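**Q**
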Amino acid sequence: MSCLLFAALSLAAGCKDEPRPYYPGLFECGRLTCPEGETCQDLTSVVPTCVSNPAQTLVRIALPASFIPLPTTGAPVEGTTLESGGFRTSSVYFDFEATGQHLYQLTGTCRDMYGCSVLMADAEGLSFHEASSYVSNGVEQLDVRFRPVRAGRYVIALAAHSGESAGHYSLQLQPLPDDHGDIAESATPISGDDATFEGVLQATSDRDVFAFHAEAGQRLVVACTQEGGGGAYLQRTVSGASGELSMEGSEVDPTYLTTGSGPHFITLSTPSLGDGPFSFQYSCRLRNVTHDDHGDTAAEATPLGTSALEEGWFEAPDDVDVFQAELAPKAYYLLGCEAPAGRQCTVRVVAPSGAVLQRFTPSEPAIYVSSEAGVHTVELRGSGVHDYRLRFNLGGVDEHGDTPEQATPIQAGSTLQGEFHGPGDVDVFALDALVAHGYRFTCTSRAGAGYPLNLVMRSADGEVVSSPPNHTPAEVLAPAAGRYSVQVQGLTRALVPHPYSCTLEDRGPDAHGNILAQATPITLPVKLGGRVETSQDADVFTFTAEAGQFILARLGVPPSDASRDEVRLLDASGQVLASAQTPSALLSHRLATSGTFFLEVRGAANDFTFEAENLGFDDHGDTLETATPLTQGVTVSGRGQSTQDRDVFSLPAEPGRFYRFVCVPEVGNNIGECNVTLLNGHRMGWDVKSPLRHGFLFDVSVSGTVGLAIDGLETYTVRLEEAVLDDHSWQAAQATPLTLGSAMAGVLEAAIDEDVFVVTLQKDAGYRLRVDATFFIRYSAVDALTGLPVPPNNGITLTPQTTGPVLIRMSPDSLQGSPHLGPYELRVDSL
Numbered sequence: 105m106s107c108l109l110f111a112a113l114s115l116a117a118g119c120k121d122e123p124r125p126y127y128p129g130l131f132e133c134g135r136l137t138c139p140e141g142e143t144c145q146d147l148t149s150v151v152p153t154c155v156s157n158p159a160q161t162l163v164r165i166a167l168p169a170s171f172i173p174l175p176t177t178g179a180p181v182e183g184t185t186l187e188s189g190g191f192r193t194s195s196v197y198f199d200f201e202a203t204g205q206h207l208y209q210l211t212g213t214c215r216d217m218y219g220c221s222v223l224m225a226d227a228e229g230l231s232f233h234e235a236s237s238y239v240s241n242g243v244e245q246l247d248v249r250f251r252p253v254r255a256g257r258y259v260i261a262l263a264a265h266s267g268e269s270a271g272h273y274s275l276q277l278q279p280l281p282d283d284h285g286d287i288a289e290s291a292t293p294i295s296g297d298d299a300t301f302e303g304v305l306q307a308t309s310d311r312d313v314f315a316f317h318a319e320a321g322q323r324l325v326v327a328c329t330q331e332g333g334g335g336a337y338l339q340r341t342v343s344g345a346s347g348e349l350s351m352e353g354s355e356v357d358p359t360y361l362t363t364g365s366g367p368h369f370i371t372l373s374t375p376s377l378g379d380g381p382f383s384f385q386y387s388c389r390l391r392n393v394t395h396d397d398h399g400d401t402a403a404e405a406t407p408l409g410t411s412a413l414e415e416g417w418f419e420a421p422d423d424v425d426v427f428q429a430e431l432a433p434k435a436y437y438l439l440g441c442e443a444p445a446g447r448q449c450t451v452r453v454v455a456p457s458g459a460v461l462q463r464f465t466p467s468e469p470a471i472y473v474s475s476e477a478g479v480h481t482v483e484l485r486g487s488g489v490h491d492y493r494l495r496f497n498l499g500g501v502d503e504h505g506d507t508p509e510q511a512t513p514i515q516a517g518s519t520l521q522g523e524f525h526g527p528g529d530v531d532v533f534a535l536d537a538l539v540a541h542g543y544r545f546t547c548t549s550r551a552g553a554g555y556p557l558n559l560v561m562r563s564a565d566g567e568v569v570s571s572p573p574n575h576t577p578a579e580v581l582a583p584a585a586g587r588y589s590v591q592v593q594g595l596t597r598a599l600v601p602h603p604y605s606c607t608l609e610d611r612g613p614d615a616h617g618n619i620l621a622q623a624t625p626i627t628l629p630v631k632l633g634g635r636v637e638t639s640q641d642a643d644v645f646t647f648t649a650e651a652g653q654f655i656l657a658r659l660g661v662p663p664s665d666a667s668r669d670e671v672r673l674l675d676a677s678g679q680v681l682a683s684a685q686t687p688s689a690l691l692s693h694r695l696a697t698s699g700t701f702f703l704e705v706r707g708a709a710n711d712f713t714f715e716a717e718n719l720g721f722d723d724h725g726d727t728l729e730t731a732t733p734l735t736q737g738v739t740v741s742g743r744g745q746s747t748q749d750r751d752v753f754s755l756p757a758e759p760g761r762f763y764r765f766v767c768v769p770e771v772g773n774n775i776g777e778c779n780v781t782l783l784n785g786h787r788m789g790w791d792v793k794s795p796l797r798h799g800f801l802f803d804v805s806v807s808g809t810v811g812l813a814i815d816g817l818e819t820y821t822v823r824l825e826e827a828v829l830d831d832h833s834w835q836a837a838q839a840t841p842l843t844l845g846s847a848m849a850g851v852l853e854a855a856i857d858e859d860v861f862v863v864t865l866q867k868d869a870g871y872r873l874r875v876d877a878t879f880f881i882r883y884s885a886v887d888a889l890t891g892l893p894v895p896p897n898n899g900i901t902l903t904p905q906t907t908g909p910v911l912i913r914m915s916p917d918s919l920q921g922s923p924h925l926g927p928y929e930l931r932v933d934s935l
């Protein structure tokens with residue numbers, strides 16, 4: 105509270121800038137017992153008052169001679185405040201009769217003013233509550249809730265914050281209905297053994313009190329949930345005739361130990377200092393947990409029967425509740441323990457042999473399968489003092505064994521049905537394998553893809569031979585005859601039966617060896633079919649070849665398995681020389697040595713087609729030194745024996761000519777393109793006059809031998825055609841001189857063609873550049889001495905910055921992606 109606002113209300117010896125706090129002694133407050141959560145304060149032993157904030161400052165106000173009555177029923181009271189000029193001159197005073205410890209709500213509006221404040225005081229002028237208006241929908245609103253300590257007459261002072269003219273107010277005071285009493289005398293009675301009670305705290309100063317009878321030495325638990333309150337928390341206090349009880353354990357669901365017999369009280373409040381609208385809903389339960397509801401040992405265990413829903417309490421943090429159930433071998437049962445939010449219930453199941461079958465802290469019930477016959481013990485432990493619900497249902501007997509010794513036999517070509525009864529259930533099947541046969545064990549969930557299955561196949565000695573990803577088969581290529589087991593497990597925590605079906609397929613004997621020593625001999629070229637019996641199988645073939653020869657191999661598989669198969673080329677030591685995977689699975693490699701080699705097919709268990717070919721030695725050299733010479737007009741054929749093969753052709757070339765080179769790949773309709781690279785040349789590009797992209801044009805900057813390299817696995821033909829003379833050089837040293845005012849003719853013969861001209865121009869003089877052609881031409885001008893550009897003005901006018909030669913370069917421009925070629929005229933005129 106500000107001294108600027110309430111200066112005139114303070115005592116004569118009061119504050120200058122702020123009210124001075126007063127700390128009462130024990131003598132003055134000894135006459136007043138405050139409710140839980142409040143502290144007594146007094147001024148000069150006159151009016152002791154209970155306040156919710158011990159640091160709250162008490163101020164005595166000077167009261168006027170008359171007041172406006174403020175009824176607690178009926179229509180609002182309306183009126184006008186005076187101009188702002190100090191609280192004494194501008195305040196409006198009201199009085200009303202209040203019931204002690206009752207909750208009141210003051211609502212209203214302050215119009216035509218910059219907010220307003222209210223001050224509540226008792227009949228002696230001692231203030232105990234203050235509040236200010238807030239803006240809602242453009243209007244200054246008041247909504248104040250307060251609780252007088254004692255019955256009697258009380259005062260409310262209303263003042264404008266500031267303003268130049270009188271403001272208008274509207275106030276309404278009404279008692280709020282209280283669902284539960286605030287003191288022991290008006291407490292709501294409840295049972296002291298097991299009681300559920302709820303209510304609403306309607307203001308920060310509201311409290312609800314409940315009364316019950318308890319005997320000395322009882323242990324009580326008060327558990328509450330809350331809703332609303334704007335972040336406030338619920339404070340619980342349990343007291344008896346001798347005072348407040350001590351709390352045991354955590355503050356979450358605290359435990360209290362009674363020290364005497366008689367009436368006891370639970371007080372609920374919220375320690376908040378906020379004003380305004382407030383609604384705090386709660387629901388609580390009082391439970392007498394003095395006596396243990398379930399035994400702590402197997403001898404004291406509670407029997408479960410075939411179905412049970414048991415409610416219980418962990419009466420102490422170390423309490424253990426024990427239950428027992430009679431189970432048959434392979435019986436499946438549902439078991440779960442539900443605890444309140446923030447709590448945990450840990451379950452441990454012990455078999456008759458003493459073996460711990462399960463230990464878990466479930467969030468929901470799950471299904472498990474017993475491995476022994478007899479009485480099983482279920483132990484529950486909590487995370488403090490709290491309640492729980494134990495759910496138990498005994499089902500039927502598992503139809504398939506859970507171990508290799510209890511496995512269900514399955515024959516090749518047959519399908520068996522099964523059902524999982526929960527995440528703890530596994531089913532095991534057994535098959536008798538023939539030597540060198542491949543087997544595939546496939547399971548599918550009849551409940552849909554959302555219920556994945558996990559398969560693990562083991563040999564007779566327990567070694568895992570196959571553990572595939574979910575939804576894929578388990579496979580084995582049996583090295584010897586014997587028994588194999590397959591464990592099937594569902595990967596969901598579904599509480600409903602989970603049906604499935606499994607099929608065993610005998611893939612037959614292995615047709616080709618799996619290792620180099622067992623490889624099948626072949627003679628290239630070869631085309632054959634085969635089968636990879638399992639994903640662990642490999643079919644190996646062997647052949648001989650010479651150094652420098654190219655080997656080509658191609659693997660074909662069903663489209664469904666096109667990303668899981670591989671063909672590999674190995675030498676006699678087993679080193680992998682080349683490999684290729686489906687879907688393309690095309691392998692090509694040039695051998696560096698002569699000898700025995702192997703082609704290996706491996707991958708998914710499926711049928712395949714296999715082709716292999718020896719393409720022989722390289723038909724054309726790979727370098728300029730070993731290149732095949734080209735003669736004008738002569739067609740030469742070639743073939744890239746591998747994807748890394750390069751064929752090089754050579755010819756002598758000299759500057760001032762364009763050489764035309766044609767390469768046609770032997771593919772359907774001849775629409776393919778050769779991968780051609782120019783070696784030792786200057787420029788190369790497409791011949792735009794060629795109907796298909798088979799023709800190339802290139803030139804050189806110096807005389808010498810030029811190479812043309814063709815890369816890739818293609819069959820093709822090449823031909824060197826007639827050379828075309830270049831009318832103007834592209835090199836600055838051989839630029840064609842221009843005469844001012846005279847036209848110079850030229851022809852752009854190719855997309856790579858550039859014509860360079862030179863003309864002497866004067867500094868700061870103007871020149872017009874004119875080009876006559878039927879197609880777009882790009883041109884540029886640079887100073888021949890400095891190399892700096894001479895940019896044209898408006899695209900046609902040149903103004904050199906120095907006197908001397910200027911180079912003008914002409915080249916084809918692209919129109920819609922294709923350059924146009926042909927004759928043109930160039931002319932430079934003085935302006």
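In my numbering, the protein residues as written are 105 to 935.
Note that the Cβ used here is the ideal one computed from N, Cα and C, for glycine as well.
Here the structure is a predicted model, which means the values were calculated and not measured.
For Ala-429, report the span of its beta strand (DSSP E) as first-last.
**A** Residues 424-431.
**Q** By DSSP, does Gln-276 sit in helix, in strand, or in coil?
**A** Strand.
**Q** Just to confirm, is the Cβ distance from Ile-900 to Leu-873 under 8 Å?
**A** Contact flag set, yes.
**Q** Hey, out of Ala-261, Asn-718, Leu-681, Asp-216, whose CA is closest to Phe-200's CA?
**A** Of the candidates Ala-261, Asn-718, Leu-681, Asp-216, the one whose C-alpha sits nearest the C-alpha of Phe-200 is Ala-261.
**Q** Which of the three DSSP states is assigned to Ser-746 in this structure?
**A** Note: Ser-746 maps to coil in three-state DSSP.
**Q** Assuming contact is defined by CB atoms lying nearer than 8 Å, are Asn-618 and Val-580 in contact in what I supplied?
**A** The answer is no: Cβ separation not under 8 Å.
**Q** Determine the extent of the beta strand (DSSP E) in which Trp-790 is found, giving its start and end residues.
**A** Counting along the chain, the beta strand (DSSP E) containing Trp-790 begins and ends at 787-790.
**Q** Tell me, to the nearest whole angstrom, how far the beta carbon of His-504 is from that of Gly-517; I am working on the premise that it is less than 8 Å.
**A** Rounded, the Cβ-Cβ distance is 19 Å, inconsistent with contact.
**Q** Using a Cβ-Cβ cut-off of 7 Å (strictly less than) and excluding sequence neighbours within five positions of Asp-917, which residues of its own chain qualify?
**A** Closer than 7 Å at the Cβ level, and outside the excluded window around Asp-917, lie Phe-880, Ile-881, Arg-882, Pro-923.
**Q** My guess is that Leu-324 and Thr-362 are in contact by the Cβ rule of under 8 Å, so how many angstroms apart are they, rounded?
**A** About 7 Å; that satisfies the 8 Å criterion.
**Q** Buried or exposed for Ala-964, going by 16 or more other Cβ atoms inside 10 Å?
**A** Shown here, the chain extends from 105 to 935; a query on residue 964 therefore has no answer.
**Q** By alpha-carbon positions, which one of Tyr-218, Phe-232, Met-217 ends up nearest to Met-224?
**A** The shortest Cα separation from Met-224 among Tyr-218, Phe-232, Met-217 belongs to Phe-232.
**Q** With a Cβ-Cβ cutoff of 8 Å, do Val-424 and Leu-484 count as a contact?
**A** The answer is yes: Cβ separation under 8 Å.
**Q** Cα separation between Pro-375 and Arg-311?
**A** Roughly 10 Å separates the two Cα atoms.
**Q** Just list the residues that DSSP pairs Gly-347 with in beta bridges.
**A** According to DSSP, which records beta bridges pairwise, Gly-347 is partnered with Gly-344.
**Q** From the DSSP output, in three-state form, read off Leu-632 for me.
**A** Leu-632 falls in the strand class under three-state DSSP.
**Q** Please classify Gly-594 as buried or exposed, where buried requires at least 16 neighbouring CB atoms within 10 angstroms.
**A** Flag for Gly-594 reads buried.
**Q** What number of angstroms, rounded off, separates the C-alpha of Ala-402 from the C-alpha of Val-482?
**A** Going from the Cα of Ala-402 to the Cα of Val-482 covers about 9 Å.
**Q** Looking at the strands, I want to know which residues DSSP matches up with Phe-545.
**A** In DSSP, Phe-545 forms a bridge with Ala-578, Leu-608.
**Q** For Ala-405 and Leu-498, which I take to be in contact (beta-carbon distance under 8 Å), what is that distance rounded to the nearest angstrom?
**A** That belief does not hold up - the Cβ atoms of Ala-405 and Leu-498 are roughly 16 Å apart, past 8 Å.
**Q** Given this structure, state the Cα-to-Cα distance separating Gly-189 from Gln-306, to the nearest angstrom.
**A** With a pLDDT of 49 at Gly-189, under the threshold of 50, the modelled position of that residue is not reliable, and no figure is offered here.
**Q** What does the alpha-carbon distance come out to for the pair Val-560 and Gly-816?
**A** If I take the Cα positions, the gap works out to 46 Å.
**Q** Are Val-768 and His-798 touching if we call contact CB-CB under 8 Å?
**A** Yes, these two residues count as a Cβ contact at 8 Å.
**Q** Between which two residues does the beta strand (DSSP E) containing Leu-230 stretch?
**A** First-last for Leu-230: undefined, no H or E at that position.
**Q** Along the beta strand (DSSP E) that carries Arg-311, what are the first and last residues, could you check?
**A** Here Arg-311 belongs to no beta strand (DSSP E), and DSSP marks it neither H nor E.
**Q** Asn-1003 to Tyr-871, Cα distance in whole Å?
**A** Shown here, the chain extends from 105 to 935; a query on residue 1003 therefore has no answer.
**Q** So, Val-804 versus Phe-762, is the Cβ gap smaller than 8 Å?
**A** No, these two residues do not count as a Cβ contact at 8 Å.
**Q** When the Cα atoms are used, what is the spatial distance from Thr-697 to Leu-535?
**A** Their backbone Cα atoms lie some 47 Å apart in a straight line.
**Q** Would you decide whether Lys-434 is buried or exposed? Buried here means 16 or more other CB atoms lie within 10 Å of its CB.
**A** With 16 or more Cβ atoms within 10 Å of its Cβ, Lys-434 is classed as buried.
**Q** With a threshold of 6 Å on Cβ separation, who are the neighbours of Glu-715 within its own chain once the five nearest residues in sequence on each side are excluded?
**A** For Glu-715, where only same-chain residues beyond five positions count, the Cβ hits under 6 Å are Lys-631, Arg-658.
**Q** Taking only three categories from DSSP, how would you classify Leu-925?
**A** Residue state, collapsed to three classes: coil.
**Q** Do the stretch 235-244 and the stretch 275-292 touch if we need at least three Cβ pairs shorter than 8 Å?
**A** Flag = no, the stretch 235-244 and the stretch 275-292 do not touch.
**Q** Ends of the beta strand (DSSP E) at Glu-319?
**A** Here Glu-319 belongs to no beta strand (DSSP E), and DSSP marks it neither H nor E.
**Q** Thinking C-alpha only, which one of Ala-432, Tyr-436, Glu-414 is nearest Val-426?
**A** It is Glu-414.
**Q** Can you give the Cα-Cα distance for Cys-328 and Thr-292, rounded to whole angstroms?
**A** Distance between the alpha carbons of Cys-328 and Thr-292: 17 Å.
**Q** With 16 as the cutoff for other CB atoms within 10 Å, does Asn-718 come out buried or exposed?
**A** The residue in question, Asn-718, is buried, as its Cβ has 16 or more Cβ neighbours within 10 Å.
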